[in-house]
Amino acid sequence: MADIAANLVAIQQRIRDAEQQYGRESGSVELLAVSKMHTAELIQQAAAAGQQHFGENYWQEAQAKIHQLQACQLSWHFIGPIQANKTSGIAQHCDWVHSVDRLKIAQRLNDQRPDNMARLNICLQVNISQEASKSGVAVDEVAALAQQIATLPRIALRGLMAIPKAYTDFAQQRQAFRNLRELQQQLQQSGLPLDTLSMGMSNDLEAAVAEGSTMVRVGTAIFGARPKPENTQ
Ligand SMILES: *Cc1c(COP(=O)(O)O)cnc(C)c1O
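Quick note on the working numbering: the sequence shown kicks off at -6 and runs consecutively.
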């Protein structure tokens, strides 16, 4: 059985070490614990160890866990592909959505966000390695989409997210993350007040922190290997 508390301590240490090594302010990188395919019980162990932010990929699965863990008052981030018929639940129960890559989804989330809740924080998912099979908005379409989404009143456009190609070479990992950071800087220069770069996972978080990540999304290094994915959407 994975020792969740010990794994969280180790990951926090990796993050703090990377912050220090690459000249980042201490505590400037947030840890999002990616709990997809893992049980509510494991999430509860992580919560008991002080973890506040959790990421889920499949709405049906997320919904059940959010309901079960209501009393823990956790912060839920949706990070998976979004079908239009799932936006209502996401808008009502999540604080963040990292995986918006088209206007229609952003509009639905905006329209379905309850008035008595804070604006829904979103990141645009960018297909930064320009892979035909990957989700995410194309690099040359990010600016136009960001400008449109920035006008939605119930949405707070916070930044960009990417899942680059799985390079093992550190310099290549850094290059992909640098490309995302430069894209964010261009948007900032055009007047969008973006403060979030959601990048870095279990195997490449140091490279992401080196290039300006503000939120790393870590699953395996906290919860262990995932059971084989099934189609739970
Ligand atoms: C599963 C997943 C992660 C976590 O990946 P690990 O390699 O297990 O750390 C991060 N981000 C997204 C979008 C994911 O789907």
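Where a beta carbon is used, it is the ideal one built from N, C-alpha and C, also for glycine.
Check your understanding: Rounded to a whole number of angstroms, what is the C-alpha to C-alpha distance between R7 and G193?
Key -> As a working mapping, residue 7 is identified with position 14 in the sequence shown. As a working mapping, residue 193 is identified with position 200 in the sequence shown. Going by the C-alpha atoms only, they are around 12 Å apart.
Exercise for review: Look up N50 in the DSSP assignment and say whether it is helix, strand or coil.
Suggested key: As a first step, residue 50 is located in the sequence shown; it is residue number 57 there, counting from the start. It is coil, neither helix nor strand.
Review point. Using 8 Å as the threshold, is the stretch 24 to 33 in touch with the stretch 200 to 213, meaning 3 or more CB pairs across them?
Key: yes
Review point. Where does the unbroken alpha helix (DSSP H) through G152 begin, and where does it stop?
Key: Here residue 152 corresponds to residue number 159 of the sequence shown, with the count starting at 1. G152 -> not in any alpha helix (DSSP H); beta strand (DSSP E) instead, spanning I148 to M154.
Review point. Between the C-alpha atoms of T144 and K79, what's the straight-line distance to the nearest angstrom?
Key: As a working mapping, residue 144 is identified with position 151 in the sequence shown. As a working mapping, residue 79 is identified with position 86 in the sequence shown. Cα-Cα distance, rounded: 22 Å.
Review point. Just curious, the beta strand (DSSP E) that N114 is in, first and last residue?
Key: Counted from its first residue, the sequence shown places residue 114 at position 121. Here the beta strand (DSSP E) through N114 covers L113 to Q118.
Exercise for review: Return helix, strand or coil for R210, following the three-state DSSP convention.
Suggested key: Here residue 210 corresponds to residue number 217 of the sequence shown, with the count starting at 1. R210 falls in the strand class under three-state DSSP.
Practice item. Taking only beta-carbon positions, decide if E12 is within less than 8 Å of chain D. Key: In the structure shown, chain D cannot be found, because there is only a single protein chain.
Point to revise | Presumed contact (8 Å Cβ cut-off) between D94 and G48, rounded CB distance | key: The count along the sequence shown starts at 1 and reaches residue 94 at position 101. The count along the sequence shown starts at 1 and reaches residue 48 at position 55. About 16 Å; that fails the 8 Å criterion.
Exercise for review: Have a look at T161, R9, R101 and L113 and flag the residue whose alpha-carbon is nearest the alpha-carbon of Q76.
Suggested key: If you number the sequence shown from 1, residue 76 lands on position 83. When each option's Cα is compared against that of Q76, the closest is R101.
Review point. Apart from the five residues on each side of it in sequence, which residues of its chain come closer than 6 Å, Cβ to Cβ, to R147?
Key: Working through the sequence shown from its first residue, we reach residue 147 at position 154. Here the set comprises N103, R106 and R112.
Check your understanding: Grouping DSSP H, G and I as helix and E and B as strand, with all else coil, what is T225?
Key -> Against the sequence shown, residue 225 aligns to sequence position 232. Residue confidence is low: T225 scores 48 on pLDDT, short of 50, so the model does not pin down where it sits. Its coordinate-derived value is still stated next. Note: T225 maps to coil in three-state DSSP.
Point to revise | Integer Cβ distance of V132 from Q118, believed to fall under 8 Å | key: The residue labelled residue 132 in the question sits at position 139 within the sequence shown. The residue labelled residue 118 in the question sits at position 125 within the sequence shown. Actually they are not in contact, since the Cβ atoms of V132 and Q118 sit about 12 Å apart, beyond 8 Å.
Review point. What separation, rounded to the nearest whole angstrom, lies between the Cα atoms of D108 and A84?
Key: Residue 108 sits at position 115 when you count from the first residue of the sequence shown. Residue 84 sits at position 91 when you count from the first residue of the sequence shown. The straight-line gap from Cα to Cα measures roughly 11 Å.
Check your understanding: Is M208 near ligand 1, going by C-beta to nearest heavy atom under 7 Å?
Key -> Position 215 of the sequence shown, counted from the first residue, corresponds to residue 208. No, Cβ of M208 sits at least 7 Å from all heavy atoms of ligand 1.
Practice item. Please determine, among W52, E12, Q13 and G16, the residue with the shortest C-alpha to C-alpha distance to K29. Key: Translated into positions along the sequence shown, residue 29 becomes position 36. It is W52.
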